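Asker:
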Amino acid sequence: MFKLIETIIAGKIQTKPVNNMGAKNFRGELEVNSIDCIKCNKCVEACPVGAITTNQVSGLPEIDYKRCIFCGLCVDSCQKEALKHTPKDAEPMLGEGNFAAMKTLIKSRIGRSLAIRHFDAGSCNACDFEMGELSNPLYDLHHYGMYFVASPRHADLLMVTGVVTRNLEQALILSYEAMQEPKLVMAVGACAASGGVFGENYATVGQLDKLLPVDITVPGCPPRPAAMLLGLAAAADLYAKKKK
Amino acid sequence: MMLRIKPEELLSSAAICAAKGQNVFTAMFGSDERQLGGGYAIYVLFTDAQKHSIKTIRVEFAADSELIYESLTPIYPAADWYEREIYDMFGIKPIGHPDLRPLVLHESFPDGYYPMRKDVDAKLQIRGKREYKMSTAKGAGVFEIAVGPIHAGIIEPGHFRFSQAGEDMLQLDAKLFFTHRGIEKLVEGKTVDEALLIVERICGACTVANTLSYCQALEKLTVQTVPKYAWLIRMFLAEIERLYNHVGDTGNLCAGLGFALVVSMGGALKEKIMHCNESLVGNRFLRGIIVPGGIKQEISMEALQELKTTLVEVEQSYNNIMELLANHSDFLNRVKTTGIVRKQTALDLAMVGVAARASGVDTDCRRDLPYGLYNTVEFEIPIEHSGDVYARLLVREREVTQTINLLRQIIDQLEKVEDKSLCYANPEYRTNEGSWGISESAHGNNLHWLMLDKEQKIYRLFVRSASYPNWPALTIAVQGDIIPDFPLINKSFELCYACMDR
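Protein sequence lines correspond, in order, to chains A and B. Take any residue in the first sequence, count from 1 to its spot, add 14: that is its number in my numbering. Take any residue in the second sequence, count from 1 to its spot, add 9: that is its number in my numbering.
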């Protein structure tokens, strides 16, 4: 008992500010060096999920972060080292409007509440573990006024991971229908956003927006908890707007 | 060793391979080999721990013969789910199976639809309506509680049906495979490198174990060998994966009884290791480094140093957590004698990993079916005998000590290695030949079996994660305990849904 009290008293605040820069080696957002790029299209061919396309005007590669699984094969394929991963998280995307404008909003408004319902629609559990990490003392989701709730009936936001499977299709739709208006849907990770490496087959329905309207997409495979936090902040703002 | 037999010889052949229970029933799966000139086949695998080998039975169904065989389940209870899955996916029927309900394909699929058959289009979505009946207990005053597939916390999906007599759980039936993504069908016809990306994403928490099993199965099909440096890094990553899971699972277990302080301590500690993963590999789940033939990139000395410092911290903080728990009488009261799995049950179900070792079964594939350089390092395999939640926690605790110790030994070797070759080049794999690979994940041994076609593409891949044999044990462990203890018992097993559902 004394040990318990001692541990509680000795414990310090461990929470860190949100940092969207990963460790030095982290495979985050891609950066194209337009001077070195010889427009050979090797990266387009190397991408296993078809996330890279060639820009019709400039001829440079363009990355669709809804698809990207951050595997690094495009970087390996580049002979000129013109393509590389930066340690920065790819930014969350909004269904409507652009994220840059939203970012100023996020900074200006602190103090709001968002009730989140997690929904695993067929993920590999990596996204879900990272979501679980949001509650640990380092990220401490609660101090932003956001929390995970036990039922979709109490939720403002449905946070969906994974490619939607046939076996979970019905539960997903029922959960969404159980939510009160206004309600938001977030696609977390490449699988929910685009079907990822799984796509559509006999067992999966495919990406989330085939079934539900997606308001926010957080790219990554899986996204780091910090990237999810940024997405949640955007969601909180969007929710405040919708509620008005 | 492989026995090729007719369906009617299965029971007698299994008896030979099991050698009176000395060899453990390891896996069983179907394969549609009609395109290779035969018919359907069922493979049954037994592990001979003494001889460090796996005995394979290949049950061959002649083309156009009736797809039935005598069920193994009445004699080998561990075969239960495997046989149900084979019936679901291939339509090969075990005669005499006590419970032939659907397992993998739920209500939205029609009866008589067998997606793993080669002539079924992988992309086609066939819809229908079939019945999925939950198994329940009946009697005066007995009522049911239905939980899931969507749970209150951040947990993977599964439906649990409890039959209750008051607070006591009489029976539990688990409906799983909600996250079934058709992975085994999806990889068919893909090159080994394309399939690797999918294998990496079978399960987040077992990324390294799955990748390692897959790569080893492939590597057995070529004469080239994996460089020493690559193996050291692979073992290093496998042990880190075991470490972060064990540390996180210890914290999570306490969430099962609302002990918030330890949940936070465990979570914070796990996060520190995850941060090291980011520096080491560039991905928090250690994705994108292990490839068939070796590894893709070196590990920087800087990141290695960071991990060494973190290890000291993890060791100390983890010991603090365990000391806290060991002296907390309320905690001990909850975990001792709760959720017991007897040794005989563990043997009957051919359980693996922490859960098996907590019930007194001495099993660990790093020793029983040694791979890589595990024979050059020293480690103990902790065993407990009481089979309850506390025993599973203690096994985990002792494994953390062993794993930290192992990591230090591997780092020592890594620092001395001079030849830093990463991977073999341009391998030629033998085709039309079955091959298995195994590795010890945090939850137990993880087995992959694969066969390549003439064009060096995947013909069949079977994935049996550590959770597969352990899930049925959970439904037995809860019997007689009260329902508030279910989350605790469940978390003490810490079973993955994703890598079992595939």
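Ideal Cβ placement from N, Cα and C applies to all residues, glycine included. Here the structure is a predicted model, which means the values were calculated and not measured.
Would you check if the distance between the CB atom of Ala36 (chain B) and the CB atom of Arg473 (chain B) is smaller than 7 Å?
Answerer: Contact: yes.
Asker: When the cut-off is 7 Å and only beta carbons count, does Cys138 (chain A) lie next to chain B?
Answerer: With 7 Å as the cut-off, Cys138 (chain A) counts as an interface residue toward chain B.
Asker: Using 8 Å as the Cβ pair cut-off and three pairs as the minimum, do the segment 51–67 of chain B and the segment 371–391 of chain B touch?
Answerer: With the cut-off at 8 Å, the segment 51–67 of chain B and the segment 371–391 of chain B touch.
Asker: By DSSP's criteria, Phe38 (chain B) is part of a beta bridge. Which residues make up the other side?
Answerer: Phe38 (chain B) pairs with B:Tyr52.
Asker: Could you give the C-beta distance for Leu244 (chain A) and Asn33 (chain A), rounded to a whole number, given that I count them as a contact under 8 Å?
Answerer: Actually they are not in contact, since the Cβ atoms of Leu244 (chain A) and Asn33 (chain A) sit about 10 Å apart, beyond 8 Å.
Asker: Hey, Arg405 (chain B) and Asp258 (chain B) are a contact pair by Cβ (cut 8 Å); roughly how many whole angstroms apart?
Answerer: Between Asp258 (chain B) and Arg405 (chain B) the Cβ distance is about 6 Å, and since that is below 8 Å, they are a contact.
Asker: State buried or exposed for Arg401 (chain B), treating a residue as buried only when at least 16 other CB atoms are found within 10 Å of its CB.
Answerer: So Arg401 (chain B) counts as buried.
Asker: Counting C-beta neighbours from all protein chains within 10 Å, is the total for Leu504 (chain B) 16 or more, i.e. buried, or is it exposed?
Answerer: Buried, because 16 or more other Cβ atoms sit within 10 Å of the Cβ of Leu504 (chain B).
Asker: What's the C-alpha gap between Gly234 (chain A) and Val202 (chain A)?
Answerer: Those two C-alpha atoms are separated by around 8 Å.
Asker: Taking the CB atoms as reference points, tell me whether Phe181 (chain B) and Gln422 (chain B) lie closer together than 7 Å.
Answerer: The identity of residue 181 (chain B) in the sequence shown is Leu, whereas the question assumes Phe. No.
Asker: Among A:Cys141, A:Ala241, A:Leu246, which one has its Cα closest to the Cα of Ala206 (chain A)?
Answerer: Considering only alpha carbons, the answer is A:Cys141.
Asker: Return the Cβ separation of Leu81 (chain B) and Ala23 (chain B) in integer angstroms, given the expectation that the two are a contact with Cβ distance under 8 Å.
Answerer: 6 Å between Cβ atoms; contact.
Asker: What are the partner residues of Thr175 (chain A), as DSSP defines its beta bridges?
Answerer: Its beta-bridge partners are A:Asp134, A:Val202.
Asker: Contact defined as beta carbons within less than 8 Å: I believe Val199 (chain A) pairs with Leu155 (chain A). What is the distance between those atoms, to the nearest angstrom?
Answerer: At roughly 18 Å, the Cβ-Cβ gap does not stay under 8 Å, so Val199 (chain A) and Leu155 (chain A) are not in contact.
Asker: Can you tell me which of the three DSSP states Phe245 (chain B) falls into?
Answerer: In the structure shown, Phe245 (chain B) sits in a helix (DSSP, three-state: H, G or I).
Asker: Spell out whether any CB of chain A is found under 7 Å from the CB atom of His168 (chain B).
Answerer: No, His168 (chain B) does not count as interfacial toward chain A.
Asker: How about Pro496 (chain B): is its C-beta nearer than 7 Å to some C-beta of chain A?
Answerer: Judged by the 7 Å Cβ criterion, Pro496 (chain B) is not in contact with chain A.
Asker: Ile19 (chain A) versus chain B: which residues are under 9 Å apart at the beta carbon?
Answerer: By Cβ distance, chain B contributes nothing, its closest Cβ being about 10 Å from Ile19 (chain A), past 9 Å.
Asker: Distance, Cα to Cα, Ser149 (chain A) vs Gln70 (chain A)?
Answerer: Taking the straight line joining both Cα atoms gives about 44 Å.
Asker: At what residue ranges does the segment 452–492 of chain B contain a whole run of the beta strand (DSSP E), taking only runs of 3 or more?
Answerer: Whole beta strand (DSSP E) segments, 3+ residues: 453–461, 467–473.
Asker: Would you please state the rounded distance, in angstroms, between the beta carbons of Asn215 (chain A) and Gly191 (chain B)? I believe it to be under 8 Å.
Answerer: That pair is a contact at about 5 Å.
Asker: Could you give the distance in angstroms between the alpha-carbon of Arg210 (chain B) and the alpha-carbon of Gln465 (chain B)?
Answerer: Straight-line Cα distance between these residues: approximately 22 Å.
Asker: Nearest to Val177 (chain A) by CA position, among A:His157, A:Arg167, A:Gly209, A:Lys102, is which residue?
Answerer: Here the closest residue by C-alpha is A:Gly209.
Asker: Since Arg238 (chain A) and Arg293 (chain B) are thought to touch, with beta carbons under 8 Å apart, how far apart are those beta carbons, to the nearest angstrom?
Answerer: Yes, Arg238 (chain A) and Arg293 (chain B) are in contact; Cβ-Cβ is about 7 Å, under 8 Å.
Asker: Kindly indicate which three-state DSSP category Cys57 (chain A) falls into: helix, strand or coil?
Answerer: Note: Cys57 (chain A) maps to helix in three-state DSSP.
Asker: Pull up the DSSP beta-bridge partners for Tyr123 (chain B), would you.
Answerer: Partner(s): none; Tyr123 (chain B) has no beta bridge.
Asker: Helix, strand or coil, according to DSSP, for Arg67 (chain B) in the structure here?
Answerer: Note: Arg67 (chain B) maps to strand in three-state DSSP.
Asker: Would you say Gly213 (chain B) lies against chain A (beta-carbon separation less than 7 Å)?
Answerer: Interface residue, yes.
Asker: Between B:Arg251, B:Thr318, B:His337, B:Tyr433, which has its C-alpha nearest Thr410 (chain B)'s C-alpha?
Answerer: Among B:Arg251, B:Thr318, B:His337, B:Tyr433, the Cα nearest to that of Thr410 (chain B) belongs to B:Arg251.
Asker: Is the shortest distance between the beta-carbon of Pro119 (chain B) and the beta-carbons of chain A less than 7 Å?
Answerer: Answer no: the Cβ-Cβ gap between Pro119 (chain B) and chain A never drops below 7 Å.
Asker: Please report the straight-line C-alpha distance between Thr412 (chain B) and Lys317 (chain B), rounded to a whole angstrom.
Answerer: Roughly 13 Å separates the two Cα atoms.
Asker: Residues in its own chain within less than 8 Å of Val163 (chain A) by CB, not counting five upstream and five downstream?
Answerer: So the qualifying residues of the chain are Ala129, Ile130, Arg131, Ala169.
Asker: Spatial neighbours of Ser72 (chain A) within its chain, please: C-beta separation below 8 Å, excluding the five flanking residues on both sides.
Answerer: Cβ neighbours of Ser72 (chain A) beyond the five flanking positions: Ser48.
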